[in-house]
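K.L.:
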Amino acid sequence: MTAPGRYGAAAGPRTDGPRRRRARGAPLPLLVPGVAALVFLLLPLLALLVRAPWGSLPDQLTSVEVWQALRLSLVTATAATGVSLVLGVPLAWLLARTDFPGRGVVRALVTLPLVLPPVVGGVALLLALGRNGVVGRWLDAWFGITLPFTTAGVVIAEAFVAMPFLVISVEGTLRAADPRFEEAATTLGASRFTAFRRVTLPLIAPGVAAGAVLAWARALGEFGATITFAGNFPDRTRTMPLAVYLALQNDPEAAVSLSLVLLAVSIAVLAGLRDRWLTGT
0 MTAPGRYGAA AGPRTDGPRR RRARGAPLPL LVPGVAALVF LLLPLLALLV RAPWGSLPDQ
60 LTSVEVWQAL RLSLVTATAA TGVSLVLGVP LAWLLARTDF PGRGVVRALV TLPLVLPPVV
120 GGVALLLALG RNGVVGRWLD AWFGITLPFT TAGVVIAEAF VAMPFLVISV EGTLRAADPR
180 FEEAATTLGA SRFTAFRRVT LPLIAPGVAA GAVLAWARAL GEFGATITFA GNFPDRTRTM
240 PLAVYLALQN DPEAAVSLSL VLLAVSIAVL AGLRDRWLTG T
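Residue numbering for the sequence shown follows numbering that gives the first Met the number 0, starting at 0 and increasing by one per position.
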């Protein structure tokens, strides 16, 4: 039985402390720059909505060029995400579950495309996979494969910049998962790969899905590496960001309309990740 409190009421555990602390007003030195940062981030997006040519938007978005760019963007971003899943999930597992010399250096190199200017990434891809590149010359000589300025080149450029997002997300999920489930499976006779496929992969599925969505969104918005490595050819390498850049020079209203499409896709990505990020307390 709970003892009476000081004023006669039962003195149970207080659960409203954090809520009361959260309800306190923010100090002015934090409130002002915080609101300024919010305005700084939202003002350009609001300007995009305010200045959008809503009257001519249907005509702008139904043009053949727009649908070609949108279709190509969706196809290449999905293919780049598939490449990231096939290669990135095993890499994340190696970084999270194995010890090998230089693992910290490898992790740093994996995250390098996150901070590397995309144009520099495109130049690096040209030097590696171009017709006269370190590897590209052998692909051309032995198999007749030429990657730059092709749709496959778009996929490679997008996967190069998007894969680190998936690797980081999956590695973090793997580190949070209990490795004893894998160990129990191996003691029961399962191989390491079977334990990963039947035990670990279902456990980390939410992290893999979140990383895949992030990688897809990053691939969809890729510009610098794509235009440097794959060029800007209609219906072959001209994705939505490249179409926005081209339209901005000739038809600003069309550029705004295309930007609205990418903005809508970004909002949809955030909505898809709301259970992971937006409901945190």
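By construction, the Cβ of each residue, glycine as well, lies at the ideal position given by its N, Cα and C atoms.
(1) Please list the terminal residues of the continuous alpha helix (DSSP H) segment that includes residue 170.
(2) Rounded to whole angstroms, what's the CA-CA distance from residue 164 to residue 24? Just pull it up for me.
(3) Consult DSSP for residue 9 and reduce its assignment to one of helix, strand or coil.
(4) Could you check where the alpha helix (DSSP H) with residue 319 kicks off and where it finishes?
(5) With 16 other CB atoms within 10 Å as the buried threshold, where does residue 226 fall?
(6) Going by beta-carbon coordinates alone, are residue 160 and residue 224 separated by less than 7 angstroms?
(7) Could you check whether residue 106 and residue 93 sit closer than 7 angstroms to each other, using their CB atoms as the reference points?
(8) Distance, Cα to Cα, residue 214 vs residue 186?
(9) Taking residue 162 as the reference, give the member of 193, 260 and 87 with the closest Cα.
(10) Within the same chain, show all residues whose beta-carbon is closer than 6 angstroms to that of residue 280, passing over the 5 residues directly before and after it, in chain order.
(11) So, at 6 angstroms on beta carbons, what are the nonlocal neighbours of residue 72 in its own chain, with the 5 sequence-adjacent residues on each side left out?
(12) Exposed or buried, residue 155, counting other C-beta atoms within 10 Å across all chains shown (16 or more means buried)?
(13) Hey, residue 198 and residue 181: beta-carbon distance below 7 angstroms or not?
(14) Use the C-beta contact count for residue 103: other C-beta atoms within 10 angstroms, 16 or more gives buried, fewer gives exposed.
(15) Considering Cα atoms alone, identify which of 116, 113 and 153 is closest to residue 129.
(16) Would you list, in sequence order, the uninterrupted alpha helix (DSSP H) runs of no fewer than 4 residues that lie entirely inside the stretch 183-245?
(17) Could you tell me the alpha carbon to alpha carbon distance between residue 38 and residue 96, rounded to whole angstroms?
(18) Which one of 99, 158, 123 and 91 has the shortest CA to CA distance from residue 216?
(19) Would you call residue 140 buried or exposed, if buried means 16 or more other Cβ atoms sit within 10 Å of its Cβ?
(20) For residue 203 and residue 184, which I take to be in contact (beta-carbon distance under 8 angstroms), what is that distance rounded to the nearest angstrom?
P.N.:
With the structure as the only source:
(1) Residue numbering aside, residue 170 sits at position 171 when the sequence shown is read from its first letter. It spans 150-175 - the alpha helix (DSSP H) in which residue 170 sits, taken as one unbroken run.
(2) Along the sequence shown, read from residue 1 onward, the residue named residue 164 stands at position 165. Along the sequence shown, read from residue 1 onward, the residue named residue 24 stands at position 25. Residue 164 and residue 24: Cα-Cα distance of roughly 36 angstroms.
(3) Indexing the sequence shown from 1 puts residue 9 at position 10. Reliability of the predicted coordinates at residue 9 is poor, the pLDDT of 49 falling under 50, and no value is obtained from them.
(4) Residue 319 lies beyond the range of the chain shown here (0 to 280); nothing can be said about it.
(5) As a position in the sequence shown, residue 226 is number 227, starting the count at 1. Burial is judged here by how many other beta carbons sit within 10 angstroms of a residue's own beta carbon; residue 226 has at least 16 and is buried.
(6) As a working note, residue 160 is residue 161 in the sequence shown. As a working note, residue 224 is residue 225 in the sequence shown. Cβ distance < 7 angstroms, so residue 160 and residue 224 count as in contact.
(7) Within the sequence shown, numbered from 1, the residue matching residue 93 stands at position 94. Within the sequence shown, numbered from 1, the residue matching residue 106 stands at position 107. It is not a contact, given that the beta carbons lie outside the stated cut-off.
(8) Counting from one through the sequence shown, the residue named residue 214 turns up at place 215. Counting from one through the sequence shown, the residue named residue 186 turns up at place 187. Cα to Cα, residue 214 sits roughly 35 angstroms from residue 186.
(9) Along the sequence shown, one-based indexing puts residue 162 at 163. When only C-alpha atoms are compared, the closest one is 87.
(10) Within the sequence shown, the letter at position 281 stands for residue 280. Note that residue 280 scores 43 on pLDDT, short of 50, meaning its location in the model is unreliable; the coordinates nonetheless yield the value given after this. If the five residues before and after residue 280 are omitted, its C-beta is found closer than 6 angstroms to no C-beta atom of its own chain.
(11) Here residue 72 is taken as the residue at index 73 of the sequence shown, counted from 1. Around residue 72: 219, 238 and 239.
(12) Stepping through the sequence shown from its first residue, residue 155 is reached at position 156. Residue 155 is buried by the Cβ-count criterion.
(13) Residue numbering aside, residue 198 sits at position 199 when the sequence shown is read from its first letter. Residue numbering aside, residue 181 sits at position 182 when the sequence shown is read from its first letter. Note that the C-beta distance between residue 198 and residue 181 is below 7 angstroms.
(14) To locate residue 103, count along the sequence shown from 1; it is residue 104. Exposed: under 16 other Cβ atoms inside 10 Å.
(15) Working through the sequence shown from its first residue, we reach residue 129 at position 130. For the residues 116, 113 and 153, the minimum Cα distance to residue 129 belongs to 153.
(16) Counting only runs of 4 or more, we get 191-194, 204-219 and 223-228.
(17) In the sequence shown, residue 38 corresponds to position 39, counting from 1. In the sequence shown, residue 96 corresponds to position 97, counting from 1. Between the alpha carbons of residue 38 and residue 96 lies a gap of roughly 42 angstroms.
(18) Against the sequence shown, residue 216 aligns to sequence position 217. For the residues 99, 158, 123 and 91, the minimum Cα distance to residue 216 belongs to 158.
(19) As a working mapping, residue 140 is identified with position 141 in the sequence shown. Burial check for residue 140: the Cβ neighbour count within 10 Å stays below 16, so the residue is exposed.
(20) Position 204 of the sequence shown, counted from the first residue, corresponds to residue 203. Position 185 of the sequence shown, counted from the first residue, corresponds to residue 184. The Cβ separation is near 14 angstroms, so there is no contact.
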